[in-house]
Structures are given as C-alpha cells and as structure tokens.
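In the working numbering, the protein residues as written are 14 to 351.
Shown next as structure tokens:
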C-alpha cells in the first residue's frame, strides 16, 4: 500500500492541484477567447515540479522542497505576468538549481556510492537525466511556438499536457525507461538480503563461537549442498545448524564478508562451474536451474560477480579448450545472458 503522506505523493498531488486550479482559473477569469500560452505555462510549471519529485530509491536529497519551490515561483510568475520568455528563463533556472542541489546532495554523502543499492542510484540518475531532457524539449517547443499561429500554439499546449500526464503516470507507477520489469524484479530479489554494517566481535569467546558455527555451515554446504534449493532461506539454514536467523546472518557476514544471499550464490556459482567443465554444451538456463538459481538473469549476475565473466563466454572458452577432442558439435548457448 502506498504511503499517504510520502513526500513523493505530496509533490505529485501539489503539482496536479496547481495545474487543475490554474486551468480552471484561466477558463473562468481570463476572458474569451482563452489563450494557449498561459495554459502551456501552467502545464509546464506542473511538469517542472514533477521532474523535481523524488524517484523510488532516492531518499537523501530535498526533492519536496525543490518541487514545491518550483510551484511557488510559478505562482509568483503567474501573478506578475512577465511574459513567456521570462517565464521560460526563470523556470529553466529553477530546474538547473534543483538539479545542482540533487547532485551535491549525493556527492556530500559518498557512502551511497558504495552501498548495495548503488546500482539503483545509477539507474535513477540516468532516468532523471532523461526526464530533464524531455522537459527541456517541451520548453524549447514552447519558446518556438511564440511566433506561431494560435492553432499550432494549441498543438504545443496539447503536447505539453500529454507530457505532464506521462511524467505523472511514470512517477505514480514507478516506471523505468531503461530497465524492464523482469530485470527490476531480479535486482530487487538479489538486494533483499543486502549486507548491513556488522557489529565488531566483542571478545575471544564470541569469536570462537562464530568460528565453530561458520565451520558447521561450511560442512553442511559441502556435504548436503542445501544451496541447490532455490527457496533456501536464512531461517531454514539456521534450523539446520541449530542457531537462529540473526546470529547466523551476523556470523556469515563477519566470517565471509558476504551477505547470506551472496554466500549461497558463491557455492551455487562454484557448483555451476563444475557442471560447465563436465559438459560445456549444456544450456545456461539448465545450469542455472540445476545450481539452485531462481532464474537465468540472477545466475548471470552472480556468475559475473564471482568470476568476472559471463556464463556464456565462460562456456564458449571451455568448449574451445575441449574442441580438439570433439569437433562435431557446437555449444548450445540458448537462454544465455539477457
């Protein structure tokens, strides 16, 4: 369920209310005929506020302040009526200042560059750049239409309104331009158990207990291979080594410097490598399933993380080494990297 009082929701609803209120006031008080340029200014102001909204994983910069600030400046401009050119210059300046604030907000907190969700920050930086580019295209159309006929000005106004609706829906449904739904699901699944800061070992007694538990975990992984179960969880693993979930997680993090998900994937990748060496002609999808991965994309990501090479390329190299002994087959790489 979406948070009713989230900053992103407040920003969206504020921009929506600004646009609807401005259009209604124009229709009621501006007289006849209604001019397209003031309507376009209202819609562009709402779009600028939306572009300043917080994206799903951005929680460390002042998006709400910038978004409401753009609306406040737009309201002042609507009351002063300085002309379309001044409006475009001031709103573009506000957008530039807002994005400088966003960039500085990230650079002043370098820990975000090294967190496990840094991949999301990179994705959303690209998404925000595309939103800003789309807004600037609309602003250039607005400036170009100043000397056009009223019919063409209404066409630009319609395009700006469509742009506002698309950006609103983009934020509401958390769409992404560059990352598909399946890839987003895989990334989220891999980041669920992201590594948290681990408390230091308090004394030698705790260190010995952790070493003993970690030894039991490794023996279990090597003898029974529970990592081949795609649904293996920390809770289930903890019961198998007679511990609890929190202490198991802390032990794995401390002793291996990996989170639980990464720890499991290290064994799965090692097992998959053995399968590849036995038969380089196996399909990547089949190897992923036999090694305990939920899907091929998650296998590809984990394999490249630990081996520095994609499974398909690794198998191709293995096949080339094996080729002198078997000339009649070509490697089957169906279902390889996406």
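In this text, a Cβ means the ideal position worked out from N, Cα and C, and glycines have one as well.
Contact between the segment 139 to 159 and the segment 53 to 67 is established, with three or more Cβ pairs separated by less than 8 Å. One alpha carbon belongs to residue 87, the other to residue 194, and they sit about 35 Å apart.
Nearest to residue 282 by C-alpha distance, out of 39, 245, 53 and 323, is 323.
The three-state secondary structure of residue 293, taken from DSSP, is coil. In the DSSP annotation of this structure, residue 43 is not part of any alpha helix (DSSP H), being labelled neither H nor E.
Taking one beta carbon from each stretch, the segment 36 to 48 and the segment 73 to 84 have fewer than 3 pairs nearer than 8 Å; the two do not touch. Around the C-beta of residue 46, fewer than 16 other C-beta atoms lie within 10 Å, and the residue is accordingly described as exposed. For residue 167, the three-state secondary structure derived from DSSP is helix. Between residue 76 and residue 24, the beta carbon gap of about 7 Å places them in contact (Cβ cut-off 8 Å). When the alpha-carbon of residue 310 is set against those of 229, 303, 298 and 320, the nearest one is in 298.
Cβ neighbours of residue 51 within its own chain (closer than 6 Å, five residues either side excluded): 39.
Under the Cβ criterion (8 Å, minimum of three pairs), the segment 254 to 268 does not count as touching the segment 292 to 307. For the pair of segments examined, the segment 148 to 167 was found not to touch the segment 111 to 121: the number of CB pairs separated by less than 8 Å stays below three.
When 104, 224, 280 and 26 are compared, the shortest CA-CA separation from residue 242 is found for 280.
In this structure, the beta-carbon distance from residue 170 to residue 95 does not fall below 7 Å. In the DSSP assignment, residue 118 falls within the unbroken alpha helix (DSSP H) covering 97 to 120. Cβ atoms of residue 172 and residue 159 stay farther apart than 8 Å, at about 15 Å.
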